[in-house]
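Residue numbers (full-length UniProt numbering): 1 to 431.
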């Protein structure tokens, strides 16, 4: 049997690993394996993200038969099939770059050696393979702008290629105790663009001056809201770039640049083998536990949108109520927690993970390290967002704040902005 395993690439069209297998084989078993690591209660589990994942899987199964299995982990699921007498010839899948996924890949490669089948992974989640773009010293980029410039240069000489999947015969597993029925599993699309036609429409409805308006939280056309679609791969990153070029007429456009941050974060994480709880700055990781106040009452008020700063509170209420958060609000809310409240960035990272529909471990962690000044290409320690000025600039009519705060009365600020900035600068200068 020949198997393609879905991880977070829930589509048939322009699916690199599946296209390769379909070129080689006519009969393919499509699998998705529900594992205990995915669904067990943990500090990073997002119920909304899980519901969106199940929705995307249900939509995929309407197009083609996918076998849903349940198992302790991926390798034990495959081993069960082997023990049932299935003769596996090939298993193809697309590469993920989280530490968890890399460990899973290692276990699957070992299993393929033990049972003598072919196991291959393909770089489908990114526009360009992580090891392709290198510095002049043959290393990997840790600063975004030169990475983006190199990426643009690469695609001045090379076209973005999409992959046509040849027709194949989907095969069905039967009468196995590890088959999973997801018919009644709670799911939702959260009114997000999670099919190709809606994703294309969302990109084409972006403000033509997106480079000037993308930070305005009060404008519907300042964001395409396709991060969840990309998280679960219902559309390829290649197609999104192509639509952005069609929309803005050039590769070097502001929306494509935003998409490139995703490639950048995946590349540095893959190359640096980033551990989920470790800062890139080793010195910071040692010092943060000493200098952070980590006031639990402040953390709770931040989570509940009760800091007294309207822009922060509106953002946190949007997150809690909808599972979404505009990128500008994400940056300001994260900066406020770490620099003004002096709370460990990992507490914010964990809370965002629990709330976000589009939760992506790599992007979430890298974004928080950027805000905390602990990662690569990090925000300078002396750059501390003033939430009141941010509101005046990016929500000038208070439309966004009023939407989520519902014209609440003024509440006391939990910290004095100027005093908290002074304290933050004292801490950061010591690093």
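Here a beta-carbon is modelled for each residue, glycine too, at the ideal position from N, C-alpha and C. Because the structure is a prediction, the values reported are computed rather than measured.
Exercise for review: Answer yes if the region 377-397 comes into contact with the region 75-88, meaning at least three C-beta pairs across the two stretches below 8 Å, and no otherwise.
Suggested key: no
Check your understanding: Any idea if residue 204 is buried or exposed, counting beta-carbon neighbours within 10 angstroms, 16 or more meaning buried?
Key -> exposed
Practice item. Tell me residue 33's beta-bridge partners as DSSP assigns them. Key: 69
Practice item. Could you check if residue 200 is buried or exposed, using at least 16 other CB atoms within 10 Å of its CB as the buried criterion? Key: buried
Check your understanding: Which word fits residue 159, buried or exposed, when buried means at least 16 other C-beta atoms lie within 10 angstroms of its C-beta?
Key -> exposed
**Study point:** Classification of residue 193 by the beta-carbon crowding that lies within 10 angstroms, buried from 16 upward
**Key:** buried
Review point. So, using beta-carbon positions, are residue 206 and residue 247 closer together than 8 Å?
Key: yes
Point to revise | Residues of its chain near residue 424, where Cβ-Cβ distance is below 7 Å and the 5 sequence neighbours each way are ignored | key: 339, 340, 342 and 384
**Study point:** C-alpha gap between residue 18 and residue 236, whole angstroms
**Key:** 13 Å
Point to revise | DSSP three-state assignment for residue 47, whether helix, strand or coil | key: helix
Review point. Could you give the C-beta distance for residue 57 and residue 182, rounded to a whole number, given that I count them as a contact under 8 Å?
Key: 6 Å
Review point. Whole beta strand (DSSP E) runs in the region 376-406 with 3 or more residues, listed along the chain?
Key: none
Exercise for review: Locate the alpha helix (DSSP H) running through residue 190, then write down its first and last residues.
Suggested key: Where residue 190 is concerned, there is no enclosing alpha helix (DSSP H), given that its DSSP letter is neither H nor E.
Practice item. Tell me whether the beta-carbon of residue 93 lies closer than 8 Å to the beta-carbon of residue 376. Key: no
Practice item. Can you check DSSP and say which residues form a bridge with residue 349? Key: DSSP output for residue 349 lists no bridge partner at all.
**Study point:** Environment of residue 85 [buried if 16+ CB atoms lie within 10 Å]
**Key:** exposed
Exercise for review: Determine the DSSP secondary structure at residue 92, reduced to helix, strand or coil.
Suggested key: strand
Review point. Since residue 2 sits in a beta bridge, which residues does DSSP pair it with?
Key: 90
Review point. What are the boundary residues of the beta strand (DSSP E) that includes residue 121?
Key: 118-122
Check your understanding: Are residue 323 and residue 48 touching if we call contact CB-CB under 8 Å?
Key -> yes
Point to revise | Cut-off 6 Å between Cβ atoms - residues of its own chain near residue 147, not counting five sequence neighbours on either side | key: 141 and 264
Practice item. Could you check what DSSP says for residue 429 in three-state terms: helix, strand or coil? Key: helix
Review point. Cα separation between residue 320 and residue 354?
Key: 10 Å
**Study point:** Contacting residues, own chain, Cβ-Cβ under 7 Å from residue 313 (five flanking each side not counted)
**Key:** 305, 306, 307 and 405
Check your understanding: Which first and last residues belong to the alpha helix (DSSP H) in which residue 149 is found?
Key -> 144-157
Review point. Does the beta-carbon distance from residue 328 to residue 417 come in below 8 Å?
Key: no
Exercise for review: Please classify residue 211: is it buried, with 16 or more other beta-carbons within 10 angstroms of its beta-carbon, or exposed?
Suggested key: exposed
Review point. Per DSSP, what kind of secondary structure is residue 130 in: helix, strand or coil?
Key: coil
Check your understanding: With DSSP run on the structure shown, which of helix, strand or coil describes residue 164?
Key -> coil
Check your understanding: If you draw a straight line from the C-alpha of residue 202 to the C-alpha of residue 221, how long is it?
Key -> 8 Å
Review point. Based on Cα-Cα distance, which residue from 113, 209, 115 and 228 lies nearest to residue 361?
Key: 228
Exercise for review: Note down, in chain order, each residue of its chain lying with its Cβ closer than 7 Å to the Cβ of residue 53, except the 5 sequence neighbours on either side.
Suggested key: 232
Practice item. On the DSSP bridge assignment, give the partners of residue 170 in chain order. Key: 28
Review point. Thinking C-alpha only, which one of 309, 346 and 261 is nearest residue 412?
Key: 309
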